[in-house]
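Participant: So the protein lines, in turn, are chains H and Y. Under my numbering, think of the first position of the first sequence as 1, with each following residue one higher. Under my numbering, think of the first position of the second sequence as 1001, with each following residue one higher. Glycine included, every Cβ here is placed at the ideal spot set by N, Cα and C.
Protein chains: 2
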Amino acid sequence: MVQMLRPWKTILTLDFGNKLAVYRQIAEGIIAEIRKGRLKPGTALPGTRVLAEDIGVNRKTVVLAYDALIAEGWLETADKKGTFVSAELPKLKTTQTNAGSNFQFNNHSNIETLQARTPSSLITFNDGLPDVRLAPMDELAKAYKRIFQQKTRWRMMGYGHEQGDERLRVALADMLSHKRGMTANFANICITRGSQMALYLTVNTLIKTGDYVAMECPGYLPAWQTFKNAGAQMITVNVDEKGLVVDELEQICKVKRLKAVYVTPHHQFPTAVSMKVERRLKLIELSNRYGFAIIEDDYDHEYHFETKSLLPLASEVQAVNVIYISSLSKLVAPAVRIGYVTGPAEFISSLSQLRSIIDRQGDVIMEQAIAELMENGAINRHAKRAYNVYKERREVMDQNLRRYLGDRITYRKPEGGLAFWIKFNHELSTEMLSSQLLKKGVSVMSTERFSFDGKSLNALRLGYASLTAAELEEGIRTIASVI
Amino acid sequence: MVQMLRPWKTILTLDFGNKLAVYRQIAEGIIAEIRKGRLKPGTALPGTRVLAEDIGVNRKTVVLAYDALIAEGWLETADKKGTFVSAELPKLKTTQTNAGSNFQFNNHSNIETLQARTPSSLITFNDGLPDVRLAPMDELAKAYKRIFQQKTRWRMMGYGHEQGDERLRVALADMLSHKRGMTANFANICITRGSQMALYLTVNTLIKTGDYVAMECPGYLPAWQTFKNAGAQMITVNVDEKGLVVDELEQICKVKRLKAVYVTPHHQFPTAVSMKVERRLKLIELSNRYGFAIIEDDYDHEYHFETKSLLPLASEVQAVNVIYISSLSKLVAPAVRIGYVTGPAEFISSLSQLRSIIDRQGDVIMEQAIAELMENGAINRHAKRAYNVYKERREVMDQNLRRYLGDRITYRKPEGGLAFWIKFNHELSTEMLSSQLLKKGVSVMSTERFSFDGKSLNALRLGYASLTAAELEEGIRTIASVI
Chain H
1 MVQMLRPWKT
11 ILTLDFGNKL
21 AVYRQIAEGI
31 IAEIRKGRLK
41 PGTALPGTRV
51 LAEDIGVNRK
61 TVVLAYDALI
71 AEGWLETADK
81 KGTFVSAELP
91 KLKTTQTNAG
101 SNFQFNNHSN
111 IETLQARTPS
121 SLITFNDGLP
131 DVRLAPMDEL
141 AKAYKRIFQQ
151 KTRWRMMGYG
161 HEQGDERLRV
171 ALADMLSHKR
181 GMTANFANIC
191 ITRGSQMALY
201 LTVNTLIKTG
211 DYVAMECPGY
221 LPAWQTFKNA
231 GAQMITVNVD
241 EKGLVVDELE
251 QICKVKRLKA
261 VYVTPHHQFP
271 TAVSMKVERR
281 LKLIELSNRY
291 GFAIIEDDYD
301 HEYHFETKSL
311 LPLASEVQAV
321 NVIYISSLSK
331 LVAPAVRIGY
341 VTGPAEFISS
351 LSQLRSIIDR
361 QGDVIMEQAI
371 AELMENGAIN
381 RHAKRAYNVY
391 KERREVMDQN
401 LRRYLGDRIT
411 YRKPEGGLAF
421 WIKFNHELST
431 EMLSSQLLKK
441 GVSVMSTERF
451 SFDGKSLNAL
461 RLGYASLTAA
471 ELEEGIRTIA
481 SVI
Chain Y
1001 MVQMLRPWKT
1011 ILTLDFGNKL
1021 AVYRQIAEGI
1031 IAEIRKGRLK
1041 PGTALPGTRV
1051 LAEDIGVNRK
1061 TVVLAYDALI
1071 AEGWLETADK
1081 KGTFVSAELP
1091 KLKTTQTNAG
1101 SNFQFNNHSN
1111 IETLQARTPS
1121 SLITFNDGLP
1131 DVRLAPMDEL
1141 AKAYKRIFQQ
1151 KTRWRMMGYG
1161 HEQGDERLRV
1171 ALADMLSHKR
1181 GMTANFANIC
1191 ITRGSQMALY
1201 LTVNTLIKTG
1211 DYVAMECPGY
1221 LPAWQTFKNA
1231 GAQMITVNVD
1241 EKGLVVDELE
1251 QICKVKRLKA
1261 VYVTPHHQFP
1271 TAVSMKVERR
1281 LKLIELSNRY
1291 GFAIIEDDYD
1301 HEYHFETKSL
1311 LPLASEVQAV
1321 NVIYISSLSK
1331 LVAPAVRIGY
1341 VTGPAEFISS
1351 LSQLRSIIDR
1361 QGDVIMEQAI
1371 AELMENGAIN
1381 RHAKRAYNVY
1391 KERREVMDQN
1401 LRRYLGDRIT
1411 YRKPEGGLAF
1421 WIKFNHELST
1431 EMLSSQLLKK
1441 GVSVMSTERF
1451 SFDGKSLNAL
1461 RLGYASLTAA
1471 ELEEGIRTIA
1481 SVI
């Protein structure tokens, strides 16, 4: 177990509804870890009893998986000593198409997915996701049904526009002008597969190898990885209780030609801080003076509780260099991969051309279904419902943090967003903490990765929105019991 | 008109079902062309009567559009002389967020989309697409309905696997082994957003800037552009009646270290030639000897008429370096953006990690709906239906080509695929031909772009599958009338 970076529960995601036998799911999960090099030859595996408990299956199932892997040569047993990853791996057995291939390719193993798919049996403090149990499934099902009943339904089955379905772009443009004070034109919106694709397209339209890019630290790892992948040189800027420390940024501008700054001003990731207005105006002023792009990631705009949602940087008339990224995934559900990006017309037009070689176009069927929900008000009704549920859970979260962890942590109740950022008053490794907690059925994300250099932040980002009051209390109590 | 590279009918795609007024759609279309720099200041626009005819709307509608654009400052009139793109463009009017932005970004305007979205009023010889009018819409609607009725439906609304829904991967692995003689393992399949994303991921996992890549010439432009975008140095290899000229490739291998070869062996794009077995074995042998990857794009596997579908290169035991790309878009409909890629385990695992920063995951709802259709046999029933329709249209196509163009063209009836490749016996520019034909209500793709250096191939690729017998005859007759 010691060698494992991540706990077994997050490695072996079991789906009991799956066609594939559970023991085989375990086996494939272990094979995948070995292939990725995370499980090295000679590494000891946990005893079948231990692993069975960890992942919540019958011990016999684990025995079956181990036996299969031993038969296939992935694992070997040293009698009494236990089960180990084989010293000589069965390259030829991994799969027919893998046998002795001798071409070279790029290793992307540095790219790591943020959200682990944890079994629903756990109490999971995710990084700030909505509660999928609240997803408006009936409305969505109805919308899909109506889309398929359209007389002209066959028309949508051909190729569509690389910027996305016009009907949805018009609906988004209306929403942005009515609710976010922006003057977006539907022709300047590119609908993407979630905000991650909006980010990928933006970065790969902006960046040339060697360009300097500044971003918040602590910050959002997938953004960091997307910039690195595009060849950017990253510079970190600290975040305090007012958001990005813009004076630091100004010092950087004086010595380096910045291409872009990536910010999450509404609810900073991971600290949940809302950027104050004087910082916002200064940031825009710097962008105009030094000619760098501001990439504004407004990932959960709807959920602001203390005041009305703050208007985006993009709504400021002086903000001429802002590329605005947002998404419906946090509003409806993560599986609804609909994000969008808007910005200067020429930029969006160039970005859309890149998009045409990545996946050509979006999912017109889903885009039309979502447009339907925006037009008939179902999205707004859902947003109101969800807002009230999360507002209440936020209070419960606050109460339990004070009650169980009060003297051992420091935190500010965030003005908005779906997560709390709590700092521990004593040093600890959240990597270790997360493994300890898993044994007790609670999943938290280690935050070392948010400092980019792996150094400890001595803090946790606790997404609360997808947990009920009871789950929140049990979760916090469990955290209190191990620290 | 002279300055326009593409005909108005393909530039201004009008959707009469659209919320946006038709005159506004025309106006936005023209603005987009101006923004893209395709319409330069001072360029003369066609008279309202001419344009109205070209795009098939009432002249008043065009007048409305021109008036709006003149009011907004995009166009100006020189009395009597006509309407022109303004010498001074209203930068500030393009959109608020565009006003005076001063950051730099990459220009992707070299990337061009292959399929123009032509109005359904035209007889369109596309590049070999299925007939969307045959798409199994009712089955698809039912499948979505069932997916939303699942008791565990909320579970799919969270984050899924970056390689795609396991249920669909298992169904695809079964299909590949039963129908294509491959031994793909579901764990080695990455489901993508159509084969274009499979290609993008493959290229960006394989290529480092400066790598040499060989591909068929004439060939598939989007593949060319994807490789170029990744920094590859492209080398073309000729195609004859037996497919890729492998001896040419061998000469290249002797002098250059090839990273990969991109091929469409089943039905070569655009010539529709099927690669003969001796060429296939030689290609695989070269790949093993010189250690380059073979990217096999099997984009329309189902439609082979002369013999049974040829098994992919990937089914050969010796083919250890093959990365196999295929798709359901040609089988179901282009809007069903489900492609997949399989290959050596470590390669697919690295590719999937790249995917996680592009769009994180696929559309689980659509993936499960398609899995449903594969499991319950609906896809196979549809494939049989479509196969018979296309087989018949292929005969009609052949008869009409002989009847109307017999002495003026040379072609071989292709063994499979959804397009014919016809060579004209006299020199002509297909660019010009395509504009002439549009005036007569027929759309064909110019093929200069398939030679990559823009030189004329004196040939057309005529996709026949989405046209009825009557449409095919009228289309061919019209072509005969202008050449």
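Give the DSSP-derived three-state secondary structure of H/Y387 in the structure shown.
Facilitator: helix
Participant: Kindly say whether H/A52, judged by its beta-carbon, lies nearer than 8 Å to any beta-carbon of chain Y.
Facilitator: no
Participant: Quick one: give me the first and last residue of the alpha helix (DSSP H) that Y/R1280 is part of.
Facilitator: First-last of the alpha helix (DSSP H) with Y/R1280: 1277-1290.
Participant: 8 Å is my cut-off, CB to CB: does H/A345 come that close to chain Y?
Facilitator: Chain Y contact via Cβ: present.
Participant: Would you call the CB atoms of H/N321 and H/S287 closer than 8 Å?
Facilitator: yes
Participant: Rounded to a whole number of angstroms, what is the C-alpha to C-alpha distance between Y/L1311 and Y/S1177?
Facilitator: 11 Å
Participant: Start and end of the alpha helix (DSSP H) containing H/G29?
Facilitator: 22-35
Participant: In the DSSP output, what is Y/Q1233 paired with across the bridge?
Facilitator: Y/Y1212
Participant: Going by the CB atoms, is the gap between Y/Q1436 and H/H108 shorter than 8 Å?
Facilitator: no
Participant: Taking all protein chains shown into account, do 16 or more other C-beta atoms lie within 10 angstroms of the C-beta of Y/V1057, making it buried, or fewer, making it exposed?
Facilitator: buried
Participant: Note down, in chain order, every chain H residue with its Cβ under 7 Å from the Cβ of Y/I1357.
Facilitator: I111, Q196, Y200, P222, Q225, T226, N229
Participant: What is the C-beta distance between H/R408 and H/F420, in whole angstroms, given that I count them as a contact (C-beta under 8 Å)?
Facilitator: Contact flag wrong, Cβ pair sits at about 14 Å.
Participant: Can you name the start and end residues of the beta strand (DSSP E) that H/R461 belongs to?
Facilitator: 459-463
Participant: Note the first and the last residue of the continuous alpha helix (DSSP H) segment covering Y/T1478.
Facilitator: 1469-1482
Participant: Is Y/T1113 buried or exposed, if buried means 16 or more other CB atoms sit within 10 Å of its CB?
Facilitator: Classification for Y/T1113: buried.
Participant: Buried or exposed: which applies to Y/K1091, given that a residue is buried once 16 or more other Cβ atoms fall within 10 Å of its Cβ?
Facilitator: Because Y/K1091 carries a pLDDT of 46, less than 50, the predicted location of this residue cannot be relied on, and the following value inherits that uncertainty. Counting Cβ neighbours within 10 Å, Y/K1091 comes out exposed, since fewer than 16 surround it.
Participant: Taking only beta-carbon atoms, is H/M1 less than 8 Å away from chain Y?
Facilitator: Summary for H/M1: the model assigns pLDDT 34, below 50, so the residue's position carries little reliability; its value from the coordinates is reported in the next sentence. It does not; no Cβ of chain Y falls within 8 Å.
Participant: Report buried or exposed for Y/L1012, applying the criterion of at least 16 other Cβ atoms within 10 angstroms of its Cβ.
Facilitator: buried
Participant: Helix, strand or coil for Y/Y1303, going by three-state DSSP, please let me know.
Facilitator: coil
Participant: Report the residue from Y/D1054, Y/D1247, Y/M1366 whose alpha carbon sits nearest the alpha carbon of Y/L1014.
Facilitator: Y/D1054
Participant: So what's H/E241 in DSSP terms, helix, strand or just coil?
Facilitator: coil
Participant: Of all Cβ atoms in chain H, is any one closer than 8 Å to the Cβ of Y/D1300?
Facilitator: So no, Y/D1300 is outside the interface.
Participant: Here's the rule: buried if 16 or more other CB atoms are within 10 angstroms of the residue's CB, otherwise exposed. What is Y/S1329?
Facilitator: buried
Participant: In three-state DSSP terms, what is Y/G1417?
Facilitator: coil
Participant: Report yes or no: is there a C-beta of chain H within less than 8 Å of the C-beta of Y/A1141?
Facilitator: Yes, because at least one Cβ of chain H sits closer than 8 Å to the Cβ of Y/A1141.
Participant: Less than 8 Å between the beta carbons of H/I111 and Y/Y1200, yes or no?
Facilitator: Cβ distance not < 8 Å, so H/I111 and Y/Y1200 don't count as in contact.
Participant: Sort out for me which residues DSSP pairs Y/I1123 with in a bridge.
Facilitator: Y/V1442
Participant: How would you list, in chain order, the residues of chain Y whose beta-carbon sits under 9 Å from the beta-carbon of H/M137?
Facilitator: Neighbours of H/M137 across chain Y, judged by C-beta separation under 9 Å: F1148, R1153, W1154, M1157.
Participant: Could you pull out every residue in the same chain whose Cβ sits closer than 8 Å to the Cβ of H/T307, ignoring the five residues on either side in sequence?
Facilitator: E415
Participant: Secondary structure at H/D297, three-state DSSP: helix, strand or coil?
Facilitator: Of the three classes helix, strand and coil, the one that applies to H/D297 here is strand, per DSSP.
Participant: Along the chain, where does the alpha helix (DSSP H) containing H/F450 start, and where does it finish?
Facilitator: Looking at the DSSP string, H/F450 is not in any alpha helix (DSSP H), and its letter there is neither H nor E.
Participant: With a threshold of 8 Å on Cβ separation, who are the neighbours of Y/F1516 within its own chain once the five nearest residues in sequence on each side are excluded?
Facilitator: An answer regarding residue 1516 of chain Y cannot be provided, because it is not within the stretch 1001 to 1483 covered by chain Y.
Participant: So H/S326 and H/G339 are supposed to be a Cβ contact under 8 Å. How far apart are they, rounded?
Facilitator: 7 Å
Participant: Under a Cβ-count criterion, where at least 16 other Cβ atoms within 10 Å of its own Cβ denotes burial, should H/Q96 be classed as buried or exposed?
Facilitator: Confidence is the limiting factor: at H/Q96 the pLDDT is only 41, short of 50, which leaves the residue's position unreliable, though a coordinate-based value still follows. H/Q96 is buried by the Cβ-count criterion.
Participant: I want to see whether chain Y comes within less than 8 Å of H/K208, judged by CB atoms only; does it?
Facilitator: yes
Participant: Compute the Euclidean distance between the alpha carbons of Y/S1466 and Y/S1446, then round it to the nearest angstrom.
Facilitator: 18 Å
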